[in-house]
Every structure is written in structure tokens, then in C-alpha cells.
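As numbered in the numbering used here, residues 2 to 243 make up the sequence shown, in order. Report on the structure given below.
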Amino acid sequence: MNSTSENITFAAIPQHIAIIMDGNGRWAQARGLPRLAGHRAGTENLRRIIEACVEFGVKVLTIYAFSTENWGRPQDEVSGLMNLFDDVFERELAELNRQGARLIHIGRTEGIRPGMLKKIHNGEQTTRDNQRLTLCVAFNYGGRDEIVHAIQRIAQDKIPSEEITDELVSRYMYTAGLPDPDLVIRTSGELRTSNFLIWQAAYAEWVFPETFWPDFGREHLMEAIHEYGRRERRFGLITTQP
Ligand code: FPP
């Protein structure tokens, strides 16, 4: 048994949780609000979930903030989201430091406006020695794009084919040095992987709670971790194998 805080006992705690924060738009629409209000509420919620991850002893939290495909959304939603990210990367830095969280960006840097890129780099620098939690923000991220990017760099580095192993490819991913996700959560009841960590999540356990992301709180996260603890991870083996 793995005990994390005074009153909570989990059968197993995922070292790395990854989340597809889905349902912001529907959360807003259900309240007669513009979609951006949902993204704002989703951003507020992130703070609660970061806090809970720190409390439960999760070491890495990866969030899908903006995919390489999301640029195709209506222009006003994209620019609203960019302004929100711009704001958050600056405003939440002190809070991340207070939580002992280190910020890491994964995704393409090309296409991100220079001012925002600067804020992201500044955030990474400012928090780089924090050790309680690594917050990995997938921004301008696509799983296939990441694999293509890795293959391009492997070719540029002229790595002989016999040296191209699972471990080597992992080292060429944006997530180099991080453990693979143990648990992936997609909120809002959608049952898709949507190009998220398709290399790294090969053996992750997935859960699909119905709750829209802005309402997905500490209790929901606890339930997802309990569900994870009930799963038997076999990594392609069978139960009786050592
Ligand atoms: C998916 O909901 C959500 C997004 C595309 C954006 C998620 C971003 C945040 C919560 C902000 C996080 C901020 C930072 C800086 C990391 P959706 O719009 O697809 O919802 P829908 O499926 O109900 O339309």
C-alpha cells in the first residue's frame, strides 16, 4: 500500500499522469457562455489539479494545452486562447514556484509567437530547480509531428540503423528524460487519443471520466487514481509470468 497524505491511501500512485483537458467548450455552452469562458474556467481548474498532484505525490503531470491541429479552430477562439496562454505563463509562475513545480514545454517552437516563446523559456529557467512536480505543457504539440521531428533529427545525426532502438527514439522525443505516462485521463466522455503522446503512452492505462474539464476536481482525480490502482498492468505479458 502506498500512503500519500494523512487520510488517503492509494493502492498505487502513477508516477506520471497525462491529461487531455477536454470539454471546456461544452461546459461554457451549457451555461450560455462563450467558449472562451470555458477555457478560462479550465485554466483556473488546472491550479486545483496541480495542487492535488503535489499532494498525492505524482511526480510528472503532462497537460494537452494546444495541439498542432488546434490552429484550425475559428480565428477568434485561437487568438483568445493565445491571449489566455500568454497571461497564464506569466501569472502562474509564482504559484508554480510556490508548489515546487518545474515547467517544461513539449511541442514545436516554430509557429509560437516570439513574445510567448520568451515567457515559456523564462518559466522553464525560473522553475528549473524545482523537484516536487514536473509540469509538462504540451503546446503546439502533435504526437505524429513529434515522431516525424525525432526521425528527422536521428537522420541529421546520421545514427546507424542498428543503433536505432526503443531507448534511442525515446531520447529524441520532446519528453526525453521523463518517465512514460502511467495513466492518461481524457475528460468529457470522448473516447479518442487525439494524437496525444502516441509514442510514450503505448502501455499507459487510460480512463475516460464523463466530467467536463472545468469541473474535474480533486475528488475526480482521486477516483481516476483509484481506478488506476485496480488495473493490472501487464506490458504485453501474462499474469502468471515473473
Ligand atoms: C479542449 O476543450 C481544450 C482545449 C483545446 C484547450 C485547453 C486549454 C486550457 C484548459 C488552458 C490551459 C492553460 C495553460 C497555459 C496550460 P474543447 O474546446 O475541445 O471542448 P469541447 O470539446 O467541449 O468543445
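Virtual Cβ for every residue (Gly too), placed ideally from N, Cα, C.
So if DSSP puts Glu206 in a beta bridge, which residue, or which two residues, is it bridged to? Walking along the sequence shown from the start, residue 206 turns up at place 205. In the DSSP output, where bridge partners are listed per residue, Glu206 has Leu184.
Please confirm whether any heavy atom of ligand 1 lies closer than 8 Å to the CB of His40. For the purposes of this step, residue 40 is identified with residue 39 of the sequence shown, where counting begins at 1. Correct: His40 has its Cβ closer than 8 Å to ligand 1.
CA-CA distance, Pro115 and Thr240? Looking up residue 115 in the sequence shown gives position 114. Looking up residue 240 in the sequence shown gives position 239. Looking at the two C-alpha atoms, the distance is approximately 51 Å.
Quick one: is Trp72 buried, meaning 16 or more other Cβ sit within 10 Å of its Cβ, or exposed? By 1-based counting over the sequence shown, the position of residue 72 is 71. By the neighbour-count rule (16 or more Cβ atoms within 10 Å), Trp72 is not buried but exposed.
Assigned secondary structure, Met22 (DSSP; H/G/I helix, E/B strand, else coil): Numbered from 1 along the sequence shown, position 21 holds the residue referred to as residue 22. Coil, per DSSP.
Identify which residue in Asp87, Glu220, Ile199, Pro35 has its Cα closest to the Cα of Val170. Locating residue 170 in the sequence shown gives position 169, counting from the first residue. Nearest of Asp87, Glu220, Ile199, Pro35 to Val170, Cα basis: Ile199.
Would you grab the beta carbon distance between Thr194 and Asp146 for me? Rounded to a whole angstrom, and I think it's under 8 Å. Locating residue 194 in the sequence shown gives position 193, where the first residue counts as 1. Locating residue 146 in the sequence shown gives position 145, where the first residue counts as 1. The Cβ separation is near 14 Å, so there is no contact.
When you compare each of Thr176, Pro161, Thr128, Asp130 to His150 by their alpha carbons, which one comes out closest? As a first step, residue 150 must be located in the sequence shown, where it is residue number 149. Comparing C-alpha distances from His150 to each of Thr176, Pro161, Thr128, Asp130 shows the shortest one belongs to Thr176.
Can the beta-carbon of Phe57 be found less than 9 Å from the beta-carbon of Gly108? Mapped onto the sequence shown, residue 57 falls at position 56. Mapped onto the sequence shown, residue 108 falls at position 107. In this structure, Gly108 does not lie closer than 9 Å to Phe57 by Cβ.
The region 175-191 / the region 17-25 touching (three or more Cβ pairs under 8 Å): Touching, yes, given that three or more Cβ pairs across the two stretches are closer than 8 Å.
For Arg32 and His40, what's the separation of their Cα atoms in angstroms? Translated into positions along the sequence shown, residue 32 becomes position 31. Translated into positions along the sequence shown, residue 40 becomes position 39. Taking the CA atoms as reference points, Arg32 sits about 13 Å from His40.
Extent of the continuous alpha helix (DSSP H) run through Thr44: In the sequence shown, the residue the question calls residue 44 occupies position 43. From DSSP, the alpha helix (DSSP H) with Thr44 extends over 36-57.
Of the choices Glu78, His106, Gly143, whose alpha-carbon is the least far from that of Thr128? Taking the first residue of the sequence shown as position 1, residue 128 is located at position 127. Residue His106 is the option with its Cα nearest to Thr128.
Do Tyr142 and ligand 1 come close, with the Cβ less than 8 Å from some heavy atom? One-based indexing of the sequence shown puts residue 142 at position 141. It does not: the Cβ of Tyr142 is nowhere closer than 8 Å to a heavy atom of ligand 1.
Is any heavy atom of ligand 1 found at a distance shorter than 8 Å from the C-beta of Val55? Counted from its first residue, the sequence shown places residue 55 at position 54. No, ligand 1 has no heavy atom inside 8 Å of this Cβ.
Where does Arg235 land, buried or exposed, given buried means 16+ other C-beta within 10 angstroms? Mapped onto the sequence shown, residue 235 falls at position 234. By the neighbour-count criterion, in which a residue is buried when 16 or more other Cβ atoms sit within 10 angstroms of its Cβ, Arg235 is exposed.
Going by C-alpha to C-alpha distance, which of Leu85, Ile50, Glu206 sits closest to Gln100? Looking up residue 100 in the sequence shown gives position 99. Gln100 has its Cα closest to that of Ile50, out of Leu85, Ile50, Glu206.
Since Leu136 is in the beta strand (DSSP E), which residue starts that stretch and which ends it? As a first step, residue 136 must be located in the sequence shown, where it is residue number 135. Element bounds for Leu136: 134-142.
Straight-line Cα distance separating Phe197 from Ala95: Here residue 95 refers to the residue found at position 94 of the sequence shown. Here residue 197 refers to the residue found at position 196 of the sequence shown. Looking at the two C-alpha atoms, the distance is approximately 28 Å.
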